[in-house]
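What follows is a short report on a single structure.
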Amino acid sequence: FFSSRRRHTRLQGDWSSDVCSSDLRGLYGEHSEIMGNLFQISNQTTLGRSERDSIESLDRVTRQIIETEERARERMLRDARTQLEDKVWRAYGTLRYCRTIQAKEVINLCSAVRLGVAMGLDGLCPLRVVNELLVLTQPGHLQRQAGREMEPAERNLYRAQVVRERLVAAERETGENRSS
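Dropping the structure here:
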């Protein structure tokens, strides 16, 4: 729902002047690609402002974004529930049964599953598991867990294994069984 990730970015609806002093960035900071609908919100105006004013401004912008997202979720559930559920369950199925997967794809698929969890769709893994996957499937974490450096293709295989194993463990923890 963002029209641009540049300064003066607007969501649909009214914004306070705080937005003009904020910037929307990709997950990995300035000049990074936006993946999985995960963003960094940063304060662009610091000179002449106290730390308290900066924090309060960023808090107002963040609350506006949350409210706008909640309204958008309500509209999606009302107007496109079947399509939303299809997107979420396809994402979950891909994660659950993948044999090789890139970090960027995990981020995008986990984003869809997070949306489903946040919207209260039954039968998905807990949000903490999705959050764990977002961290544990990054290249550095995979290589640390494996105890060695890996080439990208090898990481993709190992990443898929980590994702599958974590989702199976979550199913056991919650008593869900989707393999049948």
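Taking our numbering, the leading residue of the sequence shown gets -9, the next gets one more, and so forth. C-beta: ideal position from N, C-alpha, C; glycine also. As the structure is a computational prediction, the values presented were derived from the model and not from experiment.
Annotation: the continuous alpha helix (DSSP H) that includes C100 extends over 93 to 108. By the criterion of at least three beta-carbon pairs nearer than 8 Å, the segment 97 to 111 is not in contact with the segment 141 to 148. Around the beta carbon of A159, fewer than 16 other beta carbons sit within 10 angstroms, so the residue counts as exposed.
When rounded, the separation of the alpha-carbon atoms in G137 and G130 is 10 Å. The beta carbon of L124 sits closer than 7 Å to those of I97, C100, all from its chain and outside the five residues before and after it, given in chain order. Straight-line measurement puts the Cα of L48 at about 15 Å from the Cα of T58. Taking 7 Å as the cut-off, the Cβ atoms of A102 and V78 count as close.
In the three-state scheme derived from DSSP, where H, G and I count as helix and E and B as strand, L48 is classed as helix. Contact annotation, T127 with R149: C-beta distance approximately 5 Å; criterion of less than 8 Å satisfied.
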